[in-house]
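K.L.:
In my numbering, the protein residues as written are 1 to 176.
Quick reminder that beta carbons are idealized off the backbone N, C-alpha and C, glycines included.
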Amino acid sequence: MLSRLVTPTWRVMLLSDGSVTRHLKLLTEETVHVDLVQQRYVGNDHFQSRVLGSDVQTIPGPHVQREVFLTSEKGERMAYAASWWSEDAMNTYMKDSDKPIWVNLASTRTEVYRNILAVYMGHSKELEEAFGCKGPFWGRHYIFWHGDQPMTLIYEVFNPKLSEYLGPAATNPAGL
């Protein structure tokens, strides 16, 4: 189980149903900013991600995909996130795409339930370049539900440098 692989502080980060943006702000004592990589209309294309499987199809189409890095005030990339929204939900809840999701939702007092579907540990050359450090990288994906409707699917990967705040991620780093 995850408890044998990941330290308690990292388990909180990976399994919490609270706001990642808020957690990062509390950890770093800095405002969290969004570095928008891309936001694009993907329509009703039915695609199946190698990582996410068919979970994206839970979100009603047409879809808008958004990719961001969550950064500190100093410009350090703390997390990568990709999200898939219904076009209607994006227009309703993401009024300011230059702000984190949590900031947009909090501004309208929108309550959500986070259904965590999977936790990952892996390696990625692209993320090594983006974060400026080697993995392994810990990530997860989940769906935000508002009322009884799926709002968005979010995939997040955390920078291993967060260990400066959280302590080591792995209970047995040599075993990874």
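Under 8 Å between the Cβ atoms of Trp138 and Met151?
P.N.:
Result no, Cβ atoms of Trp138 and Met151 do not sit closer than 8 Å.
K.L.:
At a cut of 8 Å, does the stretch 155-168 reach the stretch 4-19 through at least three beta carbon pairs?
P.N.:
Touching, yes.
K.L.:
Between Ala79 and Val20, how many whole angstroms is the CB-CB distance? I'm expecting something under 8 Å.
P.N.:
That pair is a contact at about 6 Å.
K.L.:
My understanding is that Lys161 touches Phe131, with C-beta atoms under 8 Å, so please give their C-beta distance in whole angstroms.
P.N.:
About 7 Å separates the two Cβ atoms, so the contact holds.
K.L.:
Assuming His23 is part of the alpha helix (DSSP H), what are its boundary residues?
P.N.:
Element bounds for His23: Val20 to Thr28.
K.L.:
When you compare each of Ile116, Leu117 and Gly135 to Lys125 by their alpha carbons, which one comes out closest?
P.N.:
Ranking the options by Cα distance to Lys125, first place goes to Gly135.
K.L.:
Closer than 6 Å by C-beta to Asn44: which residues in its own chain qualify, once you throw out the five before and the five after it? Chain order, please.
P.N.:
Cβ neighbours of Asn44 beyond the five flanking positions: Gly61 and Pro62.
K.L.:
When you compare the CB positions of Val157 and Leu127, do they come within less than 8 Å of one another, or not?
P.N.:
Cβ distance < 8 Å, so Val157 and Leu127 count as in contact.
K.L.:
Please identify the residue among His33, Ala170 and Thr28 whose C-alpha is closest to the C-alpha of Asn180.
P.N.:
Limits of the chain in this structure are 1 at one end and 176 at the other, which puts residue 180 out of reach.
K.L.:
Would you mind reading off the limits of the alpha helix (DSSP H) that contains Asp148?
P.N.:
Where Asp148 is concerned, there is no enclosing alpha helix (DSSP H), given that its DSSP letter is neither H nor E.
K.L.:
Terminal residues of the continuous alpha helix (DSSP H) containing Thr92?
P.N.:
Segment Glu87 to Tyr93, the alpha helix (DSSP H) holding Thr92.
K.L.:
Compute the Euclidean distance between the alpha carbons of Arg40 and Ile101, then round it to the nearest angstrom.
P.N.:
Using only the alpha carbons, I get a separation of about 16 Å.
K.L.:
Using the beta-carbon count (16 or more within 10 Å), is Val37 buried or exposed?
P.N.:
Classification for Val37: exposed.
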